[in-house]
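Those protein sequences? They're chains A and B, same order as listed.
Residue numbers for the first sequence follow the numbering used here, so the first one is 56 and each next one is one higher.
Residue numbers for the second sequence follow the numbering used here, so the first one is -5 and each next one is one higher.
C-beta: ideal position from N, C-alpha, C; glycine also.
The structure presented is a predicted model; accordingly, all values stated were derived computationally and were not measured.
Notes follow the structure.
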Amino acid sequence: MGTVAAHGLRKSFGEVQALDGVTLDVPDGSFYVVLGPSGAGKTTTLRAIAGLEQLDEGSVHLDGRDATADTPAARDLAMVFQSYALYPRKTAYENIASPLRARRASSTEISEAVTKVSGLLHIERLLQRRPAQMSGGEMQRVALARALVRRPRAFLMDEPLTNLDLKLRVEMRTELTRIHRSLGGTFVYVTNDQVEALSMADRVAVLREGKVQQVGTPTEVYERPANQWVAGFVGSPRISLLACRAEGDRLVGEQGWTLPRPRWTTARDGHPLMLGLRAEDLSVETRSEASLPGELYGLEPLGDRTVVDVKVGEEMVKVKARPAVSGTPGERLSVAVDLDRAHLFDAETGLALSAPGR
Amino acid sequence: MAISIDEAVPAPAQAAEDAPAGRRRGGTARRVIEVVLLVALAVAMLFPVLWMLETSIKENRDVYAVPAKFFNFDFTTIHYKDVFVGRDGGRSDLSGSFLNSVIVAGASTILATVLGVPAAWAYSRFTLKAKKDQLFFILSTRFMPPVVVVIPIFLMYRELGLIDSKLGLVLIYAAFNVPFTIWMMKGFVDEVPAEYEDAAMLDGYTRLQAFRKFTLPLLVPGIAATAVFALIFSWNEFVFAIFLTSSQEVRTAPPAIAGLIGGTTVDWGLVAASAVVFALPVLVFAFLVRKHLVAGVTLGAVRR
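Given below as structure tokens:
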């Protein structure tokens, strides 16, 4: 139904370079998530695709045709805004009907389409209300309905779940995935929530300071982060990063520990590296040849698991453990490392060292 | 402007009544002084208005009575009749001036609103080069008092043939009201999220349609408030009116009323009655849109 391609988008607001050469290729029918912290340029990217932002450089192609100079109306896209942007004087029905009215649909067509989409989103009983008479979750559904009432080339969603409470957010996540599966269509979805990105996306583009850091499936981004920053941004609890260098067949840590050197490490001896270890690849309960000496700093019980904070020299390592784990702060312990799942980054460039076969 | 006096009086009086508990504890003596001072101020402010009202309904011999008659005067409506009906029984000159005032004030307000509102929208929504400087320049045209620029404008108008024409007055009042409209309306437009227009454009409307159909309806209270202020300025304006017009057919009410004073005898009853008639439309209009006026004055004071 629609492909969206953005090439070399550049945009500055005064001194701030919001977009610094953003390139995205959104395949037809995919759920494409643009993930990044606030200020990364996600919203600007989306607004540029929508035609709401004048670009300094770069082009936007829709269905393979250059649409850079097109007006928002001519681009045939639908967008859900973070603030929902529901028209305050109009009822939910009129809000949802607006895209059809703008395109001069007949009133029977409009009423059919609105009925259908409100059924899909379970908002039939809200149709005669105005935005002021709705809760945040209800407004969010109406905003979604206004986008889904038509079959545009692509749906653009700007952090649509950010303003909802946690329970609703989880609910709507499932709902959106269901809608995408049942309606089809291309979704470009912007969020700063990595859980949303990992759980909903077909493909994720990670954005930072106006630059794309990595594009891939959620698994690829999580398992094979392209650089140290992506590794740190994606994943909860945060990946633990330890400064070290390769020496012969050992990895020697700045904090005095040594680990066997993974065979795939290509780094020169003595070159500064960062060892990235995810909490689930570490253990305080098993013994291993590859282990880090440390002392217990604190426990974070999270119900289904407990995150153990271990101090290795001056650096902190987070370890995922069974909920029943116990210990007293200051206690000496050793952290078993699954080196096959460890990440190594060049400490100077931040780039991941290639791991053949992974 | 007349409105500033009207607003200045009730405001402090109300503040005294609604004094917070903390100030009440300061002692009744202080409160008594406050009330006495405010009453004295109110009397001083309102006495001329009261005197004007009274003079307009007194028989002529009571108007000139010495000592002045406050209460036991003879009531008459003859002065009000004189405002509208001429000595020959036809329309009076003054009624023509009032009509001129209505036309000039109305047309200049409409012109200023039609030009100013879209300009305010543009200044609010678009990134422009040196936007702040432009806005300051626009405002700076209001810095100069009319009397300073009236001579050059008189000379220009003479060249253009705009002297002693209603069109000339409409244009000069609009020129003074457009900067005011832009500044006041920009505040109102800023309050309306730009995302409504973004959403409308994605719905398939053009930028102008998005403004007209989605933003403009939300601006109506602001436009009403701004238009009333512009109307009051044009209605009350005296300096340009007296310098740029001379004939009875063009003259607006302020110079016409002023012209009543200065003969060998002054018909104070007629002066008072025409002043009352002159003040009424503004008061009625301001009363009708008072909610919007307050919104206009307190704009930005409260974050919603």
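query                                                                                                                      : result
Neighbourhood of B/T49 by C-beta, 7 Å cutoff - its chain only, sequence neighbours within 5 removed                        : V57, W262, G263, A266
Residue closest to A/A298, alpha-carbon to alpha-carbon, out of A/F288, A/V289, A/T313                                     : A/T313
8 Å Cβ cutoff met for A/L176 and A/A140                                                                                    : no
Beta-carbon spacing of A/V261, A/P273 below 8 Å                                                                            : no
Cβ contact (3+ pairs, closer than 8 Å) linking the segment 176 to 188 of chain A and the segment 117 to 126 of chain A     : no
Per-residue DSSP class, three states only, for A/G63                                                                       : strand
Alpha-carbon spacing of A/A60 relative to A/A168, whole angstroms                                                          : 29 Å
Reference A/T361; option with closest CA among A/R342, A/A160, A/P292, A/W284                                              : A/P292
Proximity below 8 Å, CB of B/F234 to CB of B/L165                                                                          : no
Outcome for B/T135 when other beta-carbon atoms lying within 10 angstroms are tallied against a minimum of 16              : exposed
Closest residue to A/A152 among A/S166, A/R144, A/P92 (Cα-Cα distance)                                                     : A/S166
Continuous alpha helix (DSSP H) stretch holding A/R387: start and end                                                      : Careful: A/R387 lies outside any alpha helix (DSSP H), inside the beta strand (DSSP E) at 387 to 392.
Any chain A beta carbon closer than 8 Å to B/K285                                                                          : no
Span of the alpha helix (DSSP H), counted from its first residue to its last, around A/Y25                                 : The question about residue 25 of chain A has no answer, for chain A in this structure spans 56 to 413.
Contact list for the segment 365 to 382 of chain A against chain B, Cβ threshold 7 Å                                       : none
Members of the segment 59 to 70 of chain B near chain A, C-beta cut-off 9 Å                                                : none
Residue range of the alpha helix (DSSP H) that includes A/D364                                                             : Here A/D364 belongs to no alpha helix (DSSP H); instead the beta strand (DSSP E) covers 361 to 367.
Residues bridged to A/D75 [DSSP beta-bridge criterion]                                                                     : A/R65
A/L388 beta carbon less than 8 Å from that of A/L354                                                                       : no
B/G16, buried or exposed, once every other Cβ within 10 Å from all chains shown has been counted against 16                : Interpretation of B/G16 is limited by its pLDDT of 49, a score under 50 that renders its predicted location unreliable; no figure is taken from the coordinates.
Minimum C-alpha distance to A/A124 - residue among A/G106, A/V88, A/V135                                                   : A/G106
Under 8 Å (Cβ pairs) to chain A, residues found in the segment 186 to 200 of chain B                                       : P187, E189, Y190, D192, A193, A194, M195, L196, D197, G198, Y199, T200
Proximal residues of chain B, C-beta to C-beta of A/L221 below 7 Å                                                         : In chain order: nothing, as chain B lies at least about 25 Å away.
Cut-off 6 Å between Cβ atoms - residues of its own chain near A/R396, not counting five sequence neighbours on either side : D336
Buried versus exposed, by CB contacts within 10 Å (16 or more), A/P378                                                     : exposed
A/R185 - containing beta strand (DSSP E), residue span                                                                     : Looking at the DSSP string, A/R185 is not in any beta strand (DSSP E), and its letter there is neither H nor E.
Residue from B/V244, B/L225, B/G198, B/F41 with nearest C-alpha to A/R130                                                  : B/G198
Chain B contacts made by the segment 157 to 177 of chain A, where a contact means CB separation under 7 Å                  : A157, R158
Outcome for B/T22 when other beta-carbon atoms lying within 10 angstroms are tallied against a minimum of 16               : exposed
Heavy atom of the ligand SAH within 7 Å of A/V59 beta-carbon                                                               : The ligand SAH is not part of the structure shown, which contains no ligands of any sort.
Reduced DSSP category for A/K266 - H, G, I as helix; E, B as strand; rest coil                                             : strand
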